[in-house]
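Asker: Below: one structure in structure tokens.
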Amino acid sequence: MNGVLLIERYCFGARDNDVPADLPSVPPFLLSASSRALVATVSGCSLVEAPPSFPLIGALEAAETHFDRPSSEFRVPSLLRKELTVIMWALLIALTLWSPLRTEGAYFSQFSMKEPDHDPCYDMAGRPVRCVPDFINAAFGKPVIASNTCGTSGPSKYCSIREDADGILREHCDTCDGSVRDKAHPASLLTDLNNSQNMTCWMSEPSTDYPHNVTLTLSLGKKFELTYISMQFCHRLPDSMAIYKSTDGGKTWTPFQFYSTECRNIYGREPNVQISKHNEQEALCTDAHALAPLANRIAFATLEGRPSSFEFEKSPVLQDWVTASDIRIVFNRLSPDQAELYGLTNDVGTNFTDLDVIKQRYYYSMGELAVGGRCKCNGHSSRCVLDKMGKYTCDCKHNTAGAECERCKPFHYDRPWARATSESAHECVPCNCNLHAKKCRFSMDLYRLSGYKSGGVCVNCKHNTAGRNCHYCKPGYYRDSSRPITHRKVCKSCNCHPVGSLSKSCNQTSGQCICKPGVTGITCNRCAKGFQQSQSPINPCIPILTNVNTFPIAAKDQCGKCRVIPKRMNQKKFCRRDYAIAVSVLGREQTNGWIKFRILIEDVFKAKSGSFASRRGEQALWVSYSSLACKCPKVRVGRKYFLQGRDASNDLSRPGISLDNHSIMLEWNEDLIEKIDRFARREHRGQCPMRRKMAP
Numbered sequence: 001m002n003g004v005l006l007i008e009r010y011c012f013g014a015r016d017n018d019v020p021a022d023l024p025s026v027p028p029f030l031l032s033a034s035s036r037a038l039v040a041t042v043s044g045c046s047l048v049e050a051p052p053s054f055p056l057i058g059a060l061e062a063a064e065t066h067f068d069r070p071s072s073e074f075r076v077p078s079l080l081r082k083e084l085t086v087i088m089w090a091l092l093i094a095l096t097l098w099s100p101l102r103t104e105g106a107y108f109s110q111f112s113m114k115e116p117d118h119d120p121c122y123d124m125a126g127r128p129v130r131c132v133p134d135f136i137n138a139a140f141g142k143p144v145i146a147s148n149t150c151g152t153s154g155p156s157k158y159c160s161i162r163e164d165a166d167g168i169l170r171e172h173c174d175t176c177d178g179s180v181r182d183k184a185h186p187a188s189l190l191t192d193l194n195n196s197q198n199m200t201c202w203m204s205e206p207s208t209d210y211p212h213n214v215t216l217t218l219s220l221g222k223k224f225e226l227t228y229i230s231m232q233f234c235h236r237l238p239d240s241m242a243i244y245k246s247t248d249g250g251k252t253w254t255p256f257q258f259y260s261t262e263c264r265n266i267y268g269r270e271p272n273v274q275i276s277k278h279n280e281q282e283a284l285c286t287d288a289h290a291l292a293p294l295a296n297r298i299a300f301a302t303l304e305g306r307p308s309s310f311e312f313e314k315s316p317v318l319q320d321w322v323t324a325s326d327i328r329i330v331f332n333r334l335s336p337d338q339a340e341l342y343g344l345t346n347d348v349g350t351n352f353t354d355l356d357v358i359k360q361r362y363y364y365s366m367g368e369l370a371v372g373g374r375c376k377c378n379g380h381s382s383r384c385v386l387d388k389m390g391k392y393t394c395d396c397k398h399n400t401a402g403a404e405c406e407r408c409k410p411f412h413y414d415r416p417w418a419r420a421t422s423e424s425a426h427e428c429v430p431c432n433c434n435l436h437a438k439k440c441r442f443s444m445d446l447y448r449l450s451g452y453k454s455g456g457v458c459v460n461c462k463h464n465t466a467g468r469n470c471h472y473c474k475p476g477y478y479r480d481s482s483r484p485i486t487h488r489k490v491c492k493s494c495n496c497h498p499v500g501s502l503s504k505s506c507n508q509t510s511g512q513c514i515c516k517p518g519v520t521g522i523t524c525n526r527c528a529k530g531f532q533q534s535q536s537p538i539n540p541c542i543p544i545l546t547n548v549n550t551f552p553i554a555a556k557d558q559c560g561k562c563r564v565i566p567k568r569m570n571q572k573k574f575c576r577r578d579y580a581i582a583v584s585v586l587g588r589e590q591t592n593g594w595i596k597f598r599i600l601i602e603d604v605f606k607a608k609s610g611s612f613a614s615r616r617g618e619q620a621l622w623v624s625y626s627s628l629a630c631k632c633p634k635v636r637v638g639r640k641y642f643l644q645g646r647d648a649s650n651d652l653s654r655p656g657i658s659l660d661n662h663s664i665m666l667e668w669n670e671d672l673i674e675k676i677d678r679f680a681r682r683e684h685r686g687q688c689p690m691r692r693k694m695a696p
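Numbered by the UniProt record's numbering, the letters in the sequence shown go through residues 1 to 696 in order.
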């Protein structure tokens, strides 16, 4: 296995078929142990300690052996930051930038990658697994904005020291002119296709002013997880520069790394601070670039020396640390003597001709800006694509959504969103609403109570269902057991009778409504056995009075004469009673030796004020068993009667009207109506016969 494939496979997590098979093997350069460790850190993996004679391939093969071990323990040598050599960085950048030349740009941008035949976000059995986009140069082809570029305000002269054909270092001067293509040095040259044989360079306007900051701002188009930032300079390296990152499209900036030979004076930071878990998310300041300047390259490895980098999946701090959507490079000082030169320009008597010559040598010049990393998709996508708005976004899988697959897509809130890991893809799970809802929400309380299994709550259940899963019928409906729970008509209306039932709800399984006393039926629509219908909406069914024939039949001589039902009705009888009313019998029941009839007083012909007979509406009529046994009177439920009597009953246990031998009760008919009206008019005119005291 060649070195490129090993780095792609183990350092960047690429799939075997992501690397062209015709890549050449890496030459067996001999690197020191610290250089090998730095290669590993910059490229996103870790290498085991190997003898100094090991080539890079040997070190990577040793790493492969350790990565295949089941044990999670992994020993890594100490990182030495100051042994970066020309050979190592040439090899590292070549591994990242050479392969696109062989694949027509596919490795420069994952956005042009064709969709693979097999979705890498799922295994061969269709189970979700962690997946990541290709490792690329995220800066390729991206726009760079420079705060200062030579030749934009007219031609300007600059000088540089280069080796001539004889191998002698000589100063060569040229002109920068933005209006002439071959003389222009725009910032767009930083991210174009790089040719080491003919390096194209961005250049700032020559100046000895101090302080005179020059900035380069690179927009990546979306969030990336960065492994390194590499800068190849055409002129000398800047003495002091800072790298900033943004995660919100350039609205706010966070320090990423500082380079300076005077960290305290320029940036107010201690140089080469030891990194621990407490400060691994902080920007550091180093002078390593000044100690090994041979390559004219500065490379910042985002995870170099940070303790949690070997457990990156479990470190949200470092995951945020390597995330960036924009990069800004601020050049603060080209040379330590720049401040002194600036002071000379203000001295009286200074030879300005000499200063102009010196000024031509003071400019920033960079030939390549490379940013190695992956499109940030949190392990839920294998590629990034252009959306309908023309913006780069992850092609999210695992039921996730968002530019970085940073949330669950709608209706997939049964579990909280989580970043995918090598142990679990943390796929978002749809809510279980039994096809009765299109929306749901997540409840952490329910998720905890379920043992961290389910936390989805359905919203706006349809088809007359209710519950967090739309799994039962709402009040007024019951489950149709002949249909599955997902059926649109699984809930049937209870149709409870509005008078016979206590509520609109019914049993969820049987559909049995809750009936009032004496009422029966699935919908409470009929009286139970032993009950009869009344005209009361409160008690629609009342007990049926025990058949009169069940009473002891009294002999005729025991009953005597029935005065309640006179043979004829006359004026005298009408005038001698206290009340005269027309009633309808609604129902009856037995109570302590008495029969209680529920009557409705419809008409009052005469009655004393305040008496029961004077109150229209429902009243109670009490009749003794013995009277009913003698059929004196014969009262039937549902019939209408004319009733006369006295108001002498004061029994609190039987409130209402009591029927005795001095009462008159006649079945209502048309002839009786005329008589009663005539008797009532005569009594009103005072034409009643003389009263005599009635027997008690």
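No residue lacks a Cβ here, since even glycine has one placed at the ideal position from N, Cα and C.
Which of helix, strand or coil does DSSP assign to W321?
Answerer: DSSP places W321 in helix when its eight states are reduced to three.
Asker: Can you name the start and end residues of the beta strand (DSSP E) that F642 belongs to?
Answerer: 640-645 is the extent of the beta strand (DSSP E) around F642.
Asker: What residue range is occupied by the uninterrupted beta strand (DSSP E) comprising S179?
Answerer: Where S179 is concerned, there is no enclosing beta strand (DSSP E), given that its DSSP letter is neither H nor E.
Asker: Can the beta-carbon of C524 be found closer than 8 angstroms to that of C515?
Answerer: Result yes, Cβ atoms of C524 and C515 sit closer than 8 angstroms.
Asker: Any idea what DSSP makes of R269, helix, strand or coil?
Answerer: Three-state result, R269: coil.
Asker: Just how far apart, CA to CA, sit K634 and L628?
Answerer: Going by the C-alpha atoms only, they are around 7 angstroms apart.
Asker: Between I485 and S454, what straight-line distance do the alpha-carbon atoms span, to the nearest angstrom?
Answerer: Whole-angstrom Cα-Cα distance: 19 angstroms.
Asker: If the criterion is Cβ atoms closer than 8 angstroms, does the pair C159 and S204 meet it?
Answerer: No; because the gap between Cβ atoms is not below 8 angstroms, this pair is not in contact.
Asker: How long is the line joining the alpha carbons of K675 and V519, rounded to whole angstroms?
Answerer: Approximately 41 angstroms, taken between the alpha carbons.
Asker: For I522, which residues in the same chain have their Cβ closer than 7 angstroms to its Cβ, ignoring the five residues on either side in sequence?
Answerer: Cβ within range, chain order: G511, Q512, C513.
Asker: Using the three-state DSSP reduction, which class does Q533 fall into: helix, strand or coil?
Answerer: Strand at Q533.
Asker: How would you write the range of the alpha helix (DSSP H) that F574 sits in, first residue to last?
Answerer: First-last of the alpha helix (DSSP H) with F574: 571-576.
Asker: Would you call the CB atoms of E280 and L226 closer than 8 angstroms?
Answerer: Against a cut-off of 8 angstroms, the Cβ pair of L226 and E280 comes out as no contact.
Asker: Measuring alpha carbon to alpha carbon, tell me which of R361, F140, K640 ends up nearest L666.
Answerer: Taking only the C-alpha atoms, the option nearest L666 is K640.
Asker: Going by DSSP, what residue range makes up the alpha helix (DSSP H) through R678?
Answerer: It spans 670-684 - the alpha helix (DSSP H) in which R678 sits, taken as one unbroken run.
Asker: Have a look at E683 and R615 and give me their C-alpha separation to the nearest angstrom.
Answerer: Whole-angstrom Cα-Cα distance: 21 angstroms.
Asker: Based on Cα-Cα distance, which residue from H436, H172, I145, R127 lies nearest to C458?
Answerer: Nearest C-alpha to C458: H436.
Asker: May I ask you to report which of helix, strand or coil DSSP gives P307?
Answerer: Three-state result, P307: helix.
Asker: Answer with buried or exposed for M231, where buried requires no fewer than 16 other C-beta atoms within 10 angstroms of its C-beta.
Answerer: The residue in question, M231, is buried, as its Cβ has 16 or more Cβ neighbours within 10 Å.
Asker: May I ask you to verify whether the segment 565-573 touches the segment 656-670, counting CB pairs closer than 8 angstroms and requiring at least 3?
Answerer: Segments in contact, yes.
Asker: Considering only residues of the same chain and omitting the five flanking positions on each side of W98, which have a CB-CB separation below 6 angstroms?
Answerer: Unreliable placement is indicated for W98, whose pLDDT of 44 sits below 50; no coordinate value is reported for it.
Asker: When the distance is taken between beta carbons, is R297 closer than 8 angstroms to V132?
Answerer: In this structure, R297 does not lie closer than 8 angstroms to V132 by Cβ.
Asker: What whole-angstrom Cβ distance do S260 and P206 have, given they're in contact under 8 angstroms?
Answerer: That pair is no contact at about 21 angstroms.
Asker: What residues in its chain sit with their C-beta under 7 angstroms from that of D174, if we drop five residues either side in the sequence?
Answerer: Around D174: Y158.
Asker: Assuming E618 contacts L643 under a Cβ cut-off of 8 angstroms, what Cβ separation, rounded to an integer in Å, is found between them?
Answerer: Wrong, their Cβ atoms sit about 14 angstroms apart, outside the cutoff.
Asker: With C-beta atoms as the reference, is Q257 less than 8 angstroms away from A288?
Answerer: No. Outside cutoff.
Asker: If distances are taken between C-alpha atoms only, which option among V214, Y228, K391, S450 comes closest to L303?
Answerer: Ranking V214, Y228, K391, S450 by Cα distance to L303 puts Y228 first.
Asker: Answer yes or no: does any C-beta atom of chain D fall closer than 8 angstroms to that of S481?
Answerer: The structure shown contains no chain D; it is built from a single protein chain.
Asker: Output yes or no for whether 8 angstroms exceeds the beta carbon distance between L659 and L621.
Answerer: The answer is yes: Cβ separation under 8 angstroms.
Asker: In the DSSP output, what is Y392 paired with across the bridge?
Answerer: For Y392, which the question treats as bridged, DSSP gives the partners L386.
Asker: Given this structure, state the Cα-to-Cα distance separating R170 from K251, to the nearest angstrom.
Answerer: Each residue's Cα considered, the two are about 44 angstroms apart.
Asker: Is it buried or exposed, S450, if we count other Cβ atoms within 10 angstroms and call 16 or more buried?
Answerer: Flag for S450 reads exposed.
Asker: Counting pairs of beta carbons, one from the segment 396-410 and one from the segment 239-250, are three or more of them closer than 8 angstroms?
Answerer: With the cut-off at 8 angstroms, the segment 396-410 and the segment 239-250 do not touch.
Asker: Return helix, strand or coil for V635, following the three-state DSSP convention.
Answerer: In the structure shown, V635 sits in coil (DSSP, three-state: anything other than H, G, I, E or B).
Asker: Using 8 angstroms as the Cβ pair cut-off and three pairs as the minimum, do the segment 214-221 and the segment 320-339 touch?
Answerer: Flag = yes, the segment 214-221 and the segment 320-339 touch.
Asker: Please go through the same chain and pick out, in chain order, the residues whose beta-carbon is closer than 8 angstroms to the beta-carbon of Y472, but skip the five residues on each side of it.
Answerer: T465, A466, R479, Q508, listed in sequence order.
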